[in-house]
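Data first, discussion second: the structure below is written as structure tokens.
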Amino acid sequence: MSSSSELVCTFVAKKEIDFKSLISFFSKIQNTEDYKILSKRALDLYCGDISKKKKEELRKFCFKNKIDLCIQNPKWRKKKIFLADMDATMIKDETLDNLVKIAGIKADIDKLSKLAMDGKISLRETLKFRVSYLKGKSTQLIKRVVKKIRFSEGSKVLVRTLNKNGYHTNLVTGGFQPISNYVGKILGFKKVISNKFVIKNNKFTGEYIPITGQQNSKLFYLNYICKKKRFDKIKHAISVGDGANDLGMLQNSGLGIGYRPHHIIEKAVDNHIRFTDLTTILFYLGFNEKEFSK
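Under the working numbering, the first residue of the sequence shown is numbered 8, with each subsequent residue one higher.
Next up, the structure:
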């Protein structure tokens with residue numbers, strides 16, 4: 008990498024990349040001979056600054072060719088702390104919605120969740136509404152939800168690799184204990200922060216204890232943990248999520264990544280993962296595939 012490089016552009020595809028064609032196209036955007044192959048499907052290109060218009064051209068090219076792209080300053084590329092959303096990010100499921108459905112509640116839960124994740128209605132209000140449906144239901148339903156959890160591709164390799172390299176890994180979710188604790192344990196997160204059901208006599212009371220008393224709980228926790236660990240958010244924090252409740256966390260991390268993002272995240276955050284799996288985060292951080300802990 009050239010010491011004069013202002014940006015590193017990381018390209019990741021599901022299958023092998025035609026590096027020659029990619030570099031040829033990139034040379035029309037910005038002249039560079041400085042690159043590093045991270046894998047047969049991942050490439051770093053280092054260059055000077057790129058105009059907003061040229062960045063858009065590059066992103067359109069990548070979208071058309073189903074390539075995920077991250078553009079960042081390489082100076083603080085290596086981070087120290089990782090914060091991740093759970094539902095529809097580290098796992099494929101929306102676990103509270105699944106719990107309400109298994110309880111036999113007849114309501115359009117999916118629509119409520121989508122509106123909340125798009126930032127069109129208050130997530131806190133929808134959580135309160137959805138949890139209230141569970142009042143009087145047996146907590147045995149939790150076991151059925153846990154059994155059906157589907158982990159996102161690359162999730163285990165991602166957390167394992169970050170842990171091995173000294174990252175402080177945090178699962179920060181609007182989901183609920185004990186489901187979040189199970190996911191955190193399976194994936195190997197060092198810390199799990201989540202809401203908690205209020206339970207009495209092995210039944211849901213229809214109430215819950217939120218992560219914090221703050222409106223933007225995930226950003227609150229990002230600020231809290233960085234202060235506690237003496238990390239600088241911009242230099243040391245990376246986060247990933249998909250919906251409106253992740254926005255503050257993503258925008259205030261040195262590198263915030265939208266994973267299969269809802270529209271509100273697409274508009275507000277530059278770097279996404281749409282076509283590949285969660286190991287793409289490791290490429291964004293500069294890891295070579297040989298360094299992955301599989």
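Note that CB positions come from ideal geometry on N, CA and C, so glycine has one too.
Residues in its own chain within less than 7 Å of residue i by CB, not counting five upstream and five downstream?
i, result
"Lys242", "Trp83, Gly261"
"Lys142", "Phe211, Thr212, Gly213"
"Ser139", "Gly213"
Can you name, in chain order, every residue of its own chain whose Cβ lies under 6 Å from the Cβ of residue i, other than the five neighbours on each side?
i, result
"Ile88", "His175, Phe238, His243, Ala244"
"Lys99", "Arg157, Ser159"
"Pro268", "Asp249, His279"
"Tyr291", "Thr17, Cys77"
Quick one: measure Cβ to Cβ for residue i and residue j, integer angstroms, because I've assumed they're closer than 8 Å.
i, j, result
"Ser162", "Asn209", "Actually they are not in contact, since the Cβ atoms of Ser162 and Asn209 sit about 31 Å apart, beyond 8 Å."
"Ala91", "Val179", "7 Å"
"Lys154", "Phe183", "No, Lys154 and Phe183 are not in contact; Cβ-Cβ is about 16 Å, not under 8 Å."
"Cys16", "Ile78", "5 Å"
"Asp41", "Glu13", "That belief does not hold up - the Cβ atoms of Asp41 and Glu13 are roughly 11 Å apart, past 8 Å."
"Val166", "Phe196", "6 Å"
"Thr168", "Phe282", "Not quite, the Cβ-Cβ distance comes to about 20 Å (not below 8 Å), so this is no contact."
"Ile272", "Leu254", "6 Å"
"Phe32", "Phe68", "6 Å"
"Ile218", "Ile186", "That pair is no contact at about 14 Å."
"Glu240", "Leu229", "Contrary to the premise, residue 240 reads as Lys rather than Glu in this sequence. Confirmed, Cβ separation roughly 7 Å."
With distances taken Cα to Cα, identify the nearest neighbour of residue i among the options.
i, options, result
"Gly293", "Arg151, Phe32, Gly143, Ser46", "Ser46"
"Glu296", "Asn278, Gly181, Arg48", "Arg48"
"Ser201", "Thr212, Phe211, Tyr189", "Tyr189"
"Tyr215", "Leu194, Thr133, Ile24", "Thr133"
"Pro81", "Leu103, Pro217, Leu257, Cys54", "Cys54"
"Asn259", "Lys235, Lys225, Thr287", "Lys225"
"Leu289", "Leu29, Lys86, Thr39, Ile24", "Lys86"
"Thr287", "Lys274, Tyr266, Asp277", "Tyr266"
"Asn177", "Lys59, Met256, Val276, Leu29", "Met256"
"Met97", "Leu106, Ile193, Lys43, Asp104", "Ile193"
"Lys171", "Val276, Arg137, Lys301", "Lys301"
With 16 as the cutoff for other CB atoms within 10 Å, does residue i come out buried or exposed?
i, result
"Arg151", "exposed"
"Asn252", "buried"
"Asp51", "buried"
"Tyr231", "exposed"
"Gly191", "buried"
"Val19", "buried"
"Ser246", "buried"
"Gly173", "exposed"
"Asn38", "exposed"
"Val205", "exposed"
"Ile264", "buried"
Step through the CB atoms of chain D and report whether any lies within less than 8 Å of the CB of residue i.
i, result
"Ser139", "Note that chain D does not occur in the displayed structure, where there is just one protein chain."
Excluding five sequence neighbours on each side, which residues of the same chain lie with their C-beta closer than 8 Å to the C-beta of residue i?
i, result
"Lys22", "Arg48"
"Ile36", "Ile57, Lys61, Glu64, Leu65"
"Gln147", "Asn209"
"Ala110", "Tyr140, Leu141, Lys144, Leu148"
"Val276", "Leu254, Leu257, Gln258, Gly263, Ile264, Gly265, Pro268"
"Glu24", "With the sequence shown as reference, residue 24 is identified as Ile, and Glu is not the correct amino acid for it. Same-chain partners within the cutoff: Phe18, Lys47, Arg48, Ala49, Leu50, Ile74."
"Asn72", "Ala20"
Just to confirm, does residue i get its C-beta within under 7 Å of one of the non-hydrogen atoms of the ligand ZN?
i, result
"Ile280", "With respect to small molecules bound, the structure shown includes none, and the ligand ZN cannot be examined in it."
Alpha helix (DSSP H) segments (min. 4 residues) lying fully within the region 10 to 91: 26 to 36, 59 to 71
- prompt: Which runs of the alpha helix (DSSP H) fall wholly inside the region 158 to 239 and span at least 4 residues, in chain order?
  reply: 162 to 171, 186 to 194, 224 to 236
query: What runs of the beta strand (DSSP E), each 3 residues or longer, lie entirely inside the region 269 to 294?
result: 278 to 280
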